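First up is the structure itself, then whatever we jot down about it.
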Amino acid sequence: MKPYRINELASKYVEYDMIQTYTELPAFPDPRLRLLHAVLSEHENLEPKSELYSLVVSLVQLGMDTHDLIDTEETRRSEDEMRSRQLKVLAGDYFSSRFYQLLSQAGQIGMVSKISAAVCEVNRLKMDLYIKMQQSQLKAEEYLNRLTELKSEMFQLFSGMMEGAFAKLWPELLQDVSRCETVLDEMNRFDSPSRFYQSWAYWHVMQEGTPEEQQSLSRKTEHSFIYDLRGKYELQSSLVSKLKAASDSLRSTAAKLESDRLKNVIQELADSFLEKMAAHTRA
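For the sequence shown, this note's numbering begins at 874 and goes up steadily by one.
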């Protein structure tokens, strides 16, 4: 198996001075890509394409995630804010377009349609989620499940290409890794009132809180109030429990695999999630 270097390969397309200086990009989907690369490398017929497939999926996912960062609110923006917004649009388009070129150059025309179909499905799922959020019809657990599905959907297209036990276990492994990523991101959203709005914690309080708390949250209230809610509803400890459960599920699913090499990769992923969780809870 070739060593994992997808983040290195992607940096050629991602690390432009203009982007680095004037805007920010979403987190690189490294855990899902490490899992994908490792599983593809266990298949004799897929191993030669493991780097190519992982790279193009990383660029498509990064393109969609970058577009998700675009502020759509109708407010006045400074020149720097406008430049940042425009660069997010252009960067997202650029990342998404490069997968066509990479696959066509490699003669993988069939994969273009598969990835395009996956993108359409991701966008459909996003629209369903946004509509429910706008209608305030979302429960906290449903929100977490839907975000997990959004993270995993692009990678699900490989299920039909896998053989043996992998065909059955790939959706489970992907679900667990995506769940861990989702919960970690929700933990990070505690630190900013603007990111707290419509987060898992927000929907939890909207579901369990008093009418007064729900009203305050809907007005995007002050950080001190949000901090009080964190303690009252034990929001952080709830997410810690969810992350530990997803990590345990990941280890349990990995134990069903025969490849020690793949088990080690997944064990490292599970450990990394818990390390990040511990770092966040200490902060």
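Virtual Cβ for every residue (Gly too), placed ideally from N, Cα, C. Keep in mind the model is a prediction, meaning the values are calculated, not measured.
So is residue i buried or exposed if we call it buried at 16+ other beta carbons inside 10 Å?
i	result
PRO902	buried
MET984	buried
MET1027	buried
ILE823	In the structure as shown, the chain starts at 874 and stops at 1156, and residue 823 therefore has no counterpart that could be examined.
TYR926	buried
CYS1053	buried
VAL1056	buried
MET955	exposed
ARG905	buried
GLU897	exposed
GLY965	buried
LYS1024	buried
ILE982	exposed
THR1083	exposed
GLU1036	exposed
ALA1152	exposed
THR1154	exposed
SER1125	exposed
Return the CA-CA distance between residue i and residue j, expressed in angstroms with no decimal places.
i	j	result
SER1145	PHE1031	24 Å
LEU1130	PRO876	20 Å
LEU975	HIS916	21 Å
ILE1004	TYR895	31 Å
GLU1107	GLN1007	26 Å
ASP1133	GLU1148	22 Å
ARG997	LEU960	24 Å
GLU1081	TYR1075	10 Å
GLU1014	ASP1049	15 Å
ARG971	SER1111	40 Å
PHE1098	VAL962	34 Å
GLN1073	GLY980	Sequence check: residue 1073 is Trp here, not Gln. Taking the straight line from one Cα to the other gives about 42 Å.
ALA1128	SER1089	46 Å
LEU1017	GLN978	38 Å
SER1051	ALA883	20 Å
PRO921	LYS1115	36 Å
PHE1069	ALA1118	23 Å
ASN1061	ASP890	27 Å
CYS993	GLU888	27 Å
GLN1109	SER986	41 Å
THR939	PHE1063	21 Å
ILE892	ARG1019	30 Å
GLU1086	LYS1105	11 Å
GLU881	TYR973	20 Å
LYS999	GLN1010	15 Å
ASN1137	ILE879	18 Å
THR1021	ALA991	15 Å
VAL930	LEU919	15 Å
ARG1092	PRO1044	39 Å
SER1065	MET874	41 Å
GLN1140	SER1067	34 Å
GLU1059	HIS1077	12 Å
ILE988	ARG958	26 Å
SER914	LEU1042	15 Å
SER1120	LEU909	17 Å
Just checking my contact of residue i with residue j at CB under 8 Å: how many whole Å lie between their CB atoms?
i	j	result
LEU935	PRO899	7 Å
MET1150	VAL1113	6 Å
GLN1029	LEU1047	7 Å
VAL995	MET937	6 Å
VAL912	PHE1039	6 Å
LEU1142	ARG907	6 Å
TYR886	PHE968	7 Å
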